[in-house]
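One structure is given below, encoded as structure tokens.
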Amino acid sequence: MEQIVQDMIREYQERVHHPSATEFAKIVSRNRPVVITGVLEEWPARRNWSLSNLRQKVGHTMVDVAETPSGNADSVVGDHFVQPYVSVQPLNSVFDWLESRHKGSREGNVKYVQTQNGNLATEFSTLQHDVLEFDWAKEVFGSAADAANIWIGNSESVTSLHKDPYENLYCQIAGVKTFTLIPPWEFYCLDERLLPTATYQPVANDKLAVVPDSPPLSIPWLCVDPTAPEQSPTFSEFCRPLRVDLQPGEVLYLPALWFHHVGQRSDEEGKVIAVNWWYDMCYSQPLYAQFNFMKAIVLAAKGGYGWK
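Plus 130 on top of the position in the sequence shown (first one is 1) and you've got my numbering.
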């Protein structure tokens, strides 16, 4: 019976259809992820963002593209936290790559448009009118979004486990994203360590190699892969993540400070596209202080960073 209950908790997800501002305020107050449906029907992006249409609208736009050998940008590789190599190239080259991968090619590096700097208003400003910020979100959070980001890739890219200091509305346009979600109060399961940083850099024959940053830097990062729980006994025994398959046309409300790992599945064109809105979290609410207090206790109990 215990195993059945645990499995139910892992797969649990709450869904709500086209919430009003009042209904969304109640959702936010509960600090639980929710899948929202029925709010993207009016987005031109849902109808118009095929690869052929995107080629016509933004194909010649120069954008930052994250490149890695296996789709593991901003993740732990060996003993380092490794960031991607970032190249600047026209979007058409990304679309060419997506189509070639969809046809079976595995040559070259994995490409992912993933700059988290409000790129919808800069690199992708031509597409801004194809997506619509939600009035009910602005009313509840008290302002317009701090940033809106567009994400373009395929099933090879994975986002490692992390948290953000933002209230997140993640809108799925094409393909499917699989979110593994862990609440802030389960931080004790997640084995955060202080890791030296590195970056993928090009070497011979279009290959990428891990090069430690100079001067040396360190960053605290989570050393748990929730898709391979057997690698961490503490995680597999105590953590109860939620798993959500976010379908095209759905929106995930992801509360601030919730840990999340993201995988993805390509659509019939070999692409995965999403847009997300970030709203600054309220630092005066109890959750922020509670999380930092709990984190300090956990690190003290385990002897600080780098425990085994």
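Ideal Cβ placement from N, Cα and C applies to all residues, glycine included. Given the structure is predicted, the values throughout are model-derived calculations rather than measurements.
- With respect to the 7 Å criterion, H190 and P326 are not classified as neighbours on the basis of their beta carbons.
- An exposed status is given to G168, since fewer than 16 other beta-carbon atoms sit within 10 Å of its beta-carbon.
- Inter-residue distance for P363 and M424 is about 21 Å (C-alpha atoms, whole angstroms).
- The C-alpha of K241 is placed about 19 Å away from the C-alpha of V341.
- If you look at E144, you'll find it in the beta strand (DSSP E) that goes 144–147.
- The DSSP-derived three-state label of K401 is coil.
- For A275 against W407, the beta-carbon gap comes to about 4 Å, under 8 Å, which counts as contact.
- A direct Cα-to-Cα measurement between F254 and R370 gives close to 37 Å.
- Closest option to P199, judged by alpha-carbon separation, among M192, V188, V212: V212.
- Of the residues assessed, E322 falls on the buried side of the cut-off, its CB having 16 or more other CB atoms within 10 angstroms.
- Following the DSSP letters along the chain, one finds Q331 inside the beta strand (DSSP E) bounded by residues 322–332.
- Within the stretch 217–300, the complete alpha helix (DSSP H) runs of at least 4 residues fall at 221–232, 265–271.
- With a 10 Å radius around the Cβ and a threshold of 16 neighbouring Cβ atoms, T152 comes out exposed.
- L417 carries a helical assignment under DSSP once its states are collapsed to helix, strand and coil.
- A distance of 7 Å or more separates the beta carbons of T256 and V193.
- If you draw a straight line from the Cα of V195 to the Cα of I303, it is about 19 Å long.
- Note that the stretch 255–269 does not touch the stretch 231–240; fewer than 3 beta-carbon pairs, one per stretch, sit closer than 8 Å.
- Under the three-state reduction of DSSP output, D209 falls in the coil class, being neither helix nor strand.
- Between the alpha carbons of P385 and E263 lies a gap of roughly 17 Å.
- Judged by beta-carbon spacing, V392 lies within the 7 Å limit of K307, meaning their Cβ atoms are closer than that value.
- If the five residues before and after E360 are omitted, its C-beta is found closer than 8 Å to the C-beta atoms of S366, all from its own chain and listed in chain order.
- Considering only Y318, C412, V405, the residue with the shortest C-alpha distance to G434 is Y318.
- Counting only residues of its own chain and dropping the five nearest sequence neighbours on each side, S150 has a CB closer than 7 Å to the CB of W266.
- If you ignore the 5 residues before and after A334, its C-beta comes within less than 8 Å of no other C-beta in its own chain.
- Contact between V354 and L291 holds, since their C-beta atoms are separated by about 6 Å, short of 8 Å.
- Between S344 and D204, the alpha-carbon positions lie close to 17 Å from each other.
- Residue range 363–368 is occupied by the alpha helix (DSSP H) that includes S366.
- It is roughly 13 Å from the alpha-carbon of L352 to the alpha-carbon of W388.
- The beta carbon of F421 sits closer than 6 Å to those of P314, L387, all from its chain and outside the five residues before and after it, given in chain order.
- With at least 16 other beta carbons inside 10 angstroms of its own, A328 counts as buried.
- In this chain, the alpha helix (DSSP H) harbouring F154 covers 151–160.
- The DSSP-derived three-state label of E197 is strand.
- By the beta-carbon neighbour count (other beta carbons within 10 angstroms, threshold 16), Q331 is exposed.
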